[in-house]
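Trainee: Taken in sequence, the protein lines are chains A and B. Its first residue numbered 7, the first sequence is counted upward by one per residue in the numbering used here. Its first residue numbered 8, the second sequence is counted upward by one per residue in the numbering used here.
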Amino acid sequence: MAGKFCVNLTHSKDDSDRATVGFVLANAALGSGKETLVFLSIEGVRLANKGFAESIHEEGFPPLRELMDNFAKGGGTIYVCSPCFKKRKLDENNLVAGASIVGGAKLVEFLSDGSPCVTF
Amino acid sequence: MDDADVVWDAEDLACGVLLLRLRGRMEAMRPGQVIRLIAKDPGAAEDMPAWCRLTGHTLLSAEPPVYRIRRKEG
């Protein structure tokens with residue numbers, strides 16, 4: 007069964023539980039054969055910089071870095087909200103695998119066929 | 008004893024971690040081959056039938072924590 011699935015992730019170290027479960031669910035969608043997008047927005051954009059996720063390891067889950075690596079290796083896509091990223095003065099030359107900085111049109115395009123999106 | 012070509016003890020892996028690794032193992036199998044999955048996470052009892060419906064693989068049996076899944080053709 008084809009189809010797409012989006013996870014809008016709005017947290018990082020400010021709520022490591024949400025950040026972790028967001029990527030767990032994204033991996034579930036990817037593992038279920040869905041074309042899967044993680045849209046990093048608000049505080050979630052910090053995860054787009056290499057190294058930032060290293061210290062996030064929520065009890066009961068694999069380390070976030072491992073979840074993100076597996077997502078990228080499995081063919082998942084990560085979009086990073088451009089204004090959220092710029093506002094925080096993060097490094098656009100130090101992105102994690104599978105990530106690209108985009109404007110809102112890319113998210114709207116991905117969802118425009120009615121694809122589901124859940125927010126953490 | 009059963010007809011499994013592959014046996015994987017996933018122990019207590021759950022949710023996305025389990026499903027993404029299972030996908031990788033299924034992709035390494037040939038069409039028609041059967042995996043005998045041992046998944047002790049309580050969520051697997053509902054997830055495995057749903058995952059098979061989503062992916063097109065065939066759930067041959069579900070006797071938690073043991074699931075037998077046949078890889079789809081193609």
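Just so it is clear, CB atoms sit at the ideal spot from N, CA and C, and this is done for glycine as well.
(1) Below 7 Å CB to CB, which residues in the same chain sit around B/E18 once its five sequence neighbours on both sides are set aside?
(2) Is B/D9 closer than 8 Å to B/R77 when the C-beta atoms are compared?
(3) Hey, out of B/V73, B/R60, B/R32, whose CA is closest to B/A52's CA?
(4) Check A/T16 in the structure and name its three-state DSSP category.
(5) Note down, in chain order, all residues in the segment 46-78 of chain B with a beta-carbon under 7 Å from any beta-carbon belonging to chain A.
(6) Can you find a CB in chain A that lies within less than 8 Å of the CB of B/R32?
(7) Label A/K92 either buried or exposed according to how many other C-beta atoms from any shown protein chain fall within 10 Å of its C-beta, with 16 as the threshold for buried.
(8) Of all Cβ atoms in chain A, is any one closer than 8 Å to the Cβ of B/V24?
(9) Determine which residues share a DSSP beta bridge with B/D16 and list them.
(10) Where does the unbroken alpha helix (DSSP H) through A/L70 begin, and where does it stop?
(11) Could you check whether the Cβ of A/V30 sits closer than 8 Å to any Cβ belonging to chain B?
(12) Restricting to runs no shorter than 4 residues, where is the alpha helix (DSSP H) found entirely within the segment 32-117 of chain A?
(13) From the DSSP output, in three-state form, read off B/E70 for me.
(14) Check whether the Cβ atoms of B/L61 and A/G80 lie closer than 8 Å to each other.
Mentor: So, from the listed chains and residues:
(1) Mapped onto the second sequence, residue 18 of chain B falls at position 11. Result list for B/E18: K47, in chain order.
(2) Counting from 1 along the second sequence, the entry for residue 77 of chain B is found at position 70. Counting from 1 along the second sequence, the entry for residue 9 of chain B is found at position 2. Not closer than 8 Å, so no.
(3) Within the second sequence, residue 52 of chain B is the residue found at index 45, counting from 1. Ranking the options by Cα distance to B/A52, first place goes to B/V73.
(4) Numbered from its first residue, the first sequence carries residue 16 of chain A at position 10. Coil at A/T16, not helix or strand.
(5) W58, L61, T62, G63
(6) On the second sequence, position 25 is the one that residue 32 of chain B refers to. For B/R32, the answer is no, since every Cβ of chain A falls outside 8 Å of its Cβ.
(7) Working through the first sequence from its first residue, we reach residue 92 of chain A at position 86. So A/K92 ends up on the exposed side.
(8) One-based indexing of the second sequence puts residue 24 of chain B at position 17. Closer than 8 Å: yes.
(9) By 1-based counting over the second sequence, the position of residue 16 of chain B is 9. DSSP output for B/D16 lists B/I45 as bridge partner(s).
(10) On the first sequence, residue 70 of chain A is found 64 positions in, with the first residue counted as 1. Where A/L70 is concerned, the enclosing alpha helix (DSSP H) stretches over 70-79.
(11) Sequence index remark: in the first sequence, residue 30 of chain A carries index 24 (1-based). Chain B, which has a Cβ nearer than 8 Å to the Cβ of A/V30, makes this yes.
(12) 70-79, 88-93, 110-117
(13) Residue mapping note: residue 70 of chain B aligns to position 63 of the second sequence, counting from 1. In the structure shown, B/E70 sits in a strand (DSSP, three-state: E or B).
(14) Residue mapping note: residue 61 of chain B aligns to position 54 of the second sequence, counting from 1. Residue mapping note: residue 80 of chain A aligns to position 74 of the first sequence, counting from 1. No, the Cβ-Cβ distance between B/L61 and A/G80 is not below 8 Å.
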